[in-house]
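Q:
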Amino acid sequence: MAEVNNWQIGRTMEYPYPENRPRRQIAWIFDPNKCIGCQTCTIACKSTWTWGTGQEYMLWNNVESKPFGFFPVGWDVELMNAMGPAKWNGGRYEGETIFEGLPPTERVRGWLPDEEDWAFPNIGEDEVSAPVKQGDYFPDLPHGTWFYHLARICNHCTYPGCIAACPRQAIYKRPEDGIVLVDQERCRGYQECAQGCPYKKVMFNNNTRTTEKCIACFPKVEQGLQPQCVTSCIGRIRLAGFISPPGQVNPQNPIDYLVKVRKVALPMYPQAGTEPNVYYIPPIHAGREYLRQMFGPGVDDAITTYANTKNDPELLGVFTLFGSAERIMHRFRIDGEIAIGMDENGAEIVRVPVREPSWVRTYFDEVRQAYNHNIT
Amino acid sequence: MTTERNVDRRSFLRGAGAVAAGAVAAVGVAALVSSRAGATDQLIARRHEGDLPVDDPDNEAWLSLDHFVAPLLMQQVAPPQVSELAVPELWVRALHNGTDIAFHIEWGDAVVNDIEQMSRFRDAVAVQLPVADEPDAAAPQTSITMGLAPIPAAGGQPETPGQVVHILHWKASWQWDVDHGRRTVKDIFPNMHNDVTPEGLLGEANSVVFYPGVFAGNSLSARERTSPIEELTAAGFGSLTTHEQQLATGRGVNERGRWRVVIAMPMDSGDRSKARVRPGARAPVAFAVWDGAKQNRGARKQYADWVPMEVEA
Ligand code: SF4
Ligand code: SF4
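From first to last, the protein sequence lines are chains A and B.
For the first sequence, the numbering used here begins at 1 and goes up steadily by one.
For the second sequence, the numbering used here begins at 1001 and goes up steadily by one.
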């Protein structure tokens, strides 16, 4: 075991391989506040990569309703059962990651879902956290009863559980962009990776008998384009780009800005220790205790910042760049009422008005003598 | 891993499966032993005239031989490991005809696991021989860890050469493929329906790109299967590699709760990267076995240490 630095848990941790960060690390921001659960992302991924036989159950991208949705069934409940309640001391995680305190038989603290666990991709869909009683009304945040859509892909972790679990190094992390891939020539179908990934994002192909996982649409990324699930997103909740290594911040990089400067986007279950690279903006209406368990100790500050977005032109500007272009934005700039996304060389990719013109109708229409509903 | 807790929590999904598994286990209680001959404490590859009964594990030529009992150990050298001894021993017999050598391996396993799918693993057995210029002398020096990787020269020390082993790996799932034609998703999930498949739209040849394992030439993904045995080489844990030359043959059957598997190979394939066995000499062999029902796979296995096999002149 090597000792590696995991900035998300505020300490070093044990990992089977020494720290070896890629030259560039791909990263995503997902905003569940805006996700409508339409599954366009799921279908975009499925119809691009996993429409072969043997991949029927594979959803490299899935969207589940929290708290009762999960694919595979109970994936995070199992993880929490295995890890116990997360012990945080400020930004430092005091408990054990999935790589620490292991029995001698294991390389990672994992579990393998059963066949049936993969059979219910929409279990718990749109189910709320508690019954809504007659007359219930939730004027304040968080809501008394809630659910939210959690869109999930492989996190292309810095310290992947899948890589740690594979006894034959058949999974590798690309030095050029940090994308994690299963070598289809070396894979022997042991499914140790499927057991070791805390997010259950490695899946066995029942036809080819090897495991497969999200490939971050690397042929697109190599051309400077964002993955399919990002560019197809109806709710414009996603942004893909590159995150600077720990200790470095580029405030003009939209990913760095949201994760490191404004700290409004947080890793999911950071306590697992894999340093996942999909960052979520916690849904402001959902139960805080639940969110703290899922996104760690930064939840409250992130929500405070996010809830004030309308008074925060720069933050608002970055959010308007979500889903505005297919190319990867390495930099952004706000020019008055215009948000501008730029490529690596500073050339402009897209410009978007920070505020779209809008018109609010009067409640009572004098001409038609009727009441209006302002629904958008 | 499946735990009691999982079972409790999701028992509503699994009630029917548990009943079915119970029925299979009950059948296993009646397991019988096939041997007609006795046990021997020396593994001897007897000379056999004519073709070896490679396809027939029930052949009298096999069952009339005394069996060598190879006690098994849990793989607990490196993680991932097993924590339960699923198979305590193997019965091994061997025959050769001067050209080919064949092993007949028998063990108790009441539940046949011959499907590879998500969360399900297959039964398997393997024979391992050292690759050496003088195989007779290799036994005591060869590591049990599937050979050893070479240690590069460093600090004035010259390179330590590695040790290569030749592995013959029989898989129950491949046996099924050979006996019935390659198992497809339809065989595992009969009610599976696809609106459109890559092969349906693009034809077999053009759709290969949508089957990465096939495209990469992975032996597990091969569309055509003629032998249930795969030949591999390794130089240390984690280095197992399919050999370019596939000559091994054999067959496995499970009857009355016991697997009987024949694994055969040429005594000298002509390829120096494979093991060679000479009549009249000794050849070290080691074995490993996997019980799919216990989620054995890869390093989660039982193994038998090197056995000095005598090859009759
Ligand atoms: S999310 Fe899972 S599959 Fe993806 S890199 Fe992390 S451990 Fe591996
Ligand atoms: S496409 Fe976007 S809005 Fe629709 S479910 Fe996926 S992430 Fe949510």
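Just so you know, even glycine gets a beta-carbon here, dropped at the ideal spot from N, CA and C.
Everything numeric in this text was worked out from a predicted model, so none of it was measured.
Using DSSP with H/G/I as helix, E/B as strand and the rest coil, what is M1267(B)?
A: What you label residue 1267(B) is simply residue 267 of the second sequence in a count that begins at 1. In the three-state reduction of the DSSP assignment, M1267(B) falls in the coil class, being assigned neither a helical nor a strand state.
Q: List, from N- to C-terminal side, the beta strand (DSSP E) runs of 3 residues or more that fit wholly inside the region 53–136 of chain A.
A: 62–66
Q: For V1275(B), which residues from the same chain have a beta carbon less than 6 Å from its beta carbon, with the 5 sequence-adjacent residues on both sides left out?
A: Locating residue 1275(B) in the second sequence gives position 275, where the first residue counts as 1. Strictly speaking, residue 1275(B) in this sequence is Ala, with Val absent from that position. Once the five neighbours on either side are set aside, the close Cβ partners of A1275(B) are L1129, V1131, H1166.
Q: Once the 5 residues before and after Y15(A) are set aside, which same chain residues still bring their CB inside 6 Å of it?
A: Translated into positions along the first sequence, residue 15(A) becomes position 15. Answer for Y15(A): A2, V4, F99, Y159, listed in chain order.
Q: Can you name the residues that DSSP bridges to N1113(B)?
A: As a first step, residue 1113(B) must be located in the second sequence, where it is residue number 113. DSSP output for N1113(B) lists no bridge partner at all.
Q: So, helix, strand or coil for P18(A), using DSSP?
A: Position 18 of the first sequence, counted from the start, is the residue given in the question as residue 18(A). In the structure shown, P18(A) sits in coil (DSSP, three-state: anything other than H, G, I, E or B).
Q: Around the C-beta of W359(A), are 16 or more other C-beta atoms found within 10 angstroms, so that it is buried, or is it exposed?
A: If you number the first sequence from 1, residue 359(A) lands on position 359. With fewer than 16 Cβ atoms within 10 Å of its Cβ, W359(A) is classed as exposed.
Q: Indicate, with yes or no, if ligand 2 has a heavy atom lying under 7 Å from the CB of I281(A).
A: Locating residue 281(A) in the first sequence gives position 281, counting from the first residue. Result no, Cβ not under 7 Å from ligand 2.
Q: Could you have a look at N5(A) and say whether DSSP puts it in helix, strand or coil?
A: Here residue 5(A) is taken as the residue at index 5 of the first sequence, counted from 1. Three-state result, N5(A): strand.
Q: Within 8 Å, do at least three Cβ pairs link the region 29–43 of chain A to the region 234–250 of chain A?
A: Judged by Cβ distances under 8 Å, the region 234–250 of chain A makes contact with the region 29–43 of chain A, as three or more pairs qualify.
Q: Using CA atoms only, rank isn't needed, just tell me which of G91(A), T105(A), E212(A) is closest to G54(A).
A: One-based indexing of the first sequence puts residue 54(A) at position 54. Ranking G91(A), T105(A), E212(A) by CA distance to the CA of G54(A) puts E212(A) first.
Q: Could you give the first and the last residue of the continuous beta strand (DSSP E) run that contains E1106(B)?
A: On the second sequence, position 106 is the one that residue 1106(B) refers to. Start and end: 1100–1108.
Q: Interface residues of chain A around G1298(B) at Cβ under 8 Å?
A: Taking the first residue of the second sequence as 1, we reach residue 1298(B) at position 298. Residues of chain A passing the Cβ test: P167, R168, R188, Y190, E192.
Q: Would you list the residues sitting across from W1170(B) in a DSSP beta bridge?
A: What you label residue 1170(B) is simply residue 170 of the second sequence in a count that begins at 1. Answer is V1125(B), I1229(B).
Q: For ligand 2, is there any heavy atom lying closer than 7 Å to the beta carbon of I237(A)?
A: Within the first sequence, numbered from 1, the residue matching residue 237(A) stands at position 237. Indeed, a heavy atom of ligand 2 lies less than 7 Å from the Cβ.
Q: Any C-beta of chain A sitting closer than 8 Å to the C-beta of G1213(B)?
A: In the second sequence, the residue the question calls residue 1213(B) occupies position 213. It does: the Cβ of G1213(B) has a partner Cβ on chain A nearer than 8 Å.
Q: Give me the residue from K87(A), D114(A), A27(A) with the minimum Cα distance to P245(A).
A: For this step, residue 245(A) is matched to residue 245 along the first sequence. P245(A) has its Cα closest to that of A27(A), out of K87(A), D114(A), A27(A).
Q: Does I1188(B) have its Cβ less than 8 Å from a Cβ in chain A?
A: The residue you call residue 1188(B) lines up with position 188 of the second sequence. Closer than 8 Å: yes.
Q: Is P175(A) helix, strand or coil by DSSP?
A: The residue you call residue 175(A) lines up with position 175 of the first sequence. Residue state for P175(A) is assigned as coil, using DSSP reduced to three classes.
Q: Which residues bound the alpha helix (DSSP H) around M294(A)?
A: For the purposes of this step, residue 294(A) is taken as the residue at position 294 of the first sequence. Taken as a continuous stretch (DSSP letters only), the alpha helix (DSSP H) holding M294(A) covers 288–295.
Q: Run through DSSP, which three-state label would K200(A) get?
A: Within the first sequence, the letter at position 200 stands for residue 200(A). Correct three-state label for K200(A): coil.
Q: Any idea what DSSP makes of K1294(B), helix, strand or coil?
A: As a working note, residue 1294(B) is residue 294 in the second sequence. If DSSP states are grouped into helix, strand and coil, K1294(B) belongs with the helices.
Q: Compute every distance between the C-beta of H1166(B) and the non-hydrogen atoms of ligand 1, then say whether any falls below 7 Å.
A: By 1-based counting over the second sequence, the position of residue 1166(B) is 166. Outside the cutoff, so no.
Q: Mapping the DSSP letters down to three states, classify N1206(B) as helix, strand or coil.
A: Within the second sequence, the letter at position 206 stands for residue 1206(B). Residue state, collapsed to three classes: helix.
Q: Using CA coordinates, which residue listed in P227(A), W118(A), T208(A) is at the minimum distance from A216(A)?
A: Within the first sequence, residue 216(A) is the residue found at index 216, counting from 1. Considering only alpha carbons, the answer is P227(A).
Q: Helix or strand or just coil, what does DSSP make of V318(A)?
A: Numbered from 1 along the first sequence, position 318 holds the residue referred to as residue 318(A). Residue state, collapsed to three classes: helix.
Q: Along the chain, where does the alpha helix (DSSP H) containing V180(A) start, and where does it finish?
A: By 1-based counting over the first sequence, the position of residue 180(A) is 180. Where V180(A) is concerned, there is no enclosing alpha helix (DSSP H), although the beta strand (DSSP E) it sits in stretches over 180–182.
Q: Of all Cβ atoms in chain A, is any one closer than 8 Å to the Cβ of R1120(B)?
A: Position 120 of the second sequence holds residue 1120(B). R1120(B) counts as touching chain A.
Q: Relative to the alpha-carbon of P1279(B), which residue among T1249(B), M1267(B), N1194(B), R1297(B) has its alpha-carbon at the smallest distance?
A: Position 279 of the second sequence, counting from 1, holds the residue named residue 1279(B). Selected option, being the one with the closest Cα: M1267(B).
Q: Report the three-state DSSP secondary structure of V1307(B) (helix, strand or coil).
A: Locating residue 1307(B) in the second sequence gives position 307, where the first residue counts as 1. V1307(B) falls in the strand class under three-state DSSP.
Q: For a test of the three-state rule: what should DSSP assign to P1284(B), helix, strand or coil?
A: Taking the second sequence and counting its residues from 1, one reaches residue 1284(B) at position 284. Residue state, collapsed to three classes: strand.
Q: Rounded to whole angstroms, what's the CA-CA distance from I243(A) to E356(A)? Just pull it up for me.
A: On the first sequence, residue 243(A) is found 243 positions in, with the first residue counted as 1. On the first sequence, residue 356(A) is found 356 positions in, with the first residue counted as 1. Going from the Cα of I243(A) to the Cα of E356(A) covers about 29 Å.
Q: Using DSSP bridges, identify the partner residues of P267(A).
A: Along the first sequence, one-based indexing puts residue 267(A) at 267. Answer is Y279(A), bridged to P267(A).
Q: With contact counted as at least three CB pairs below 8 Å, one residue from each stretch, are the region 81–97 of chain A and the region 64–72 of chain A in contact?
A: no
Q: Does ligand 1 have a heavy atom nearer than 7 Å to the CB of C45(A)?
A: Numbered from its first residue, the first sequence carries residue 45(A) at position 45. False, no ligand heavy atom lies under 7 Å from that Cβ.
Q: Would you tell me roughly how many angstroms separate the C-alpha atoms of P104(A) and V1082(B), rounded to the nearest one?
A: Within the first sequence, residue 104(A) is the residue found at index 104, counting from 1. Within the second sequence, residue 1082(B) is the residue found at index 82, counting from 1. Rounded to whole angstroms, P104(A) to V1082(B) spans 10 Å at the Cα level.
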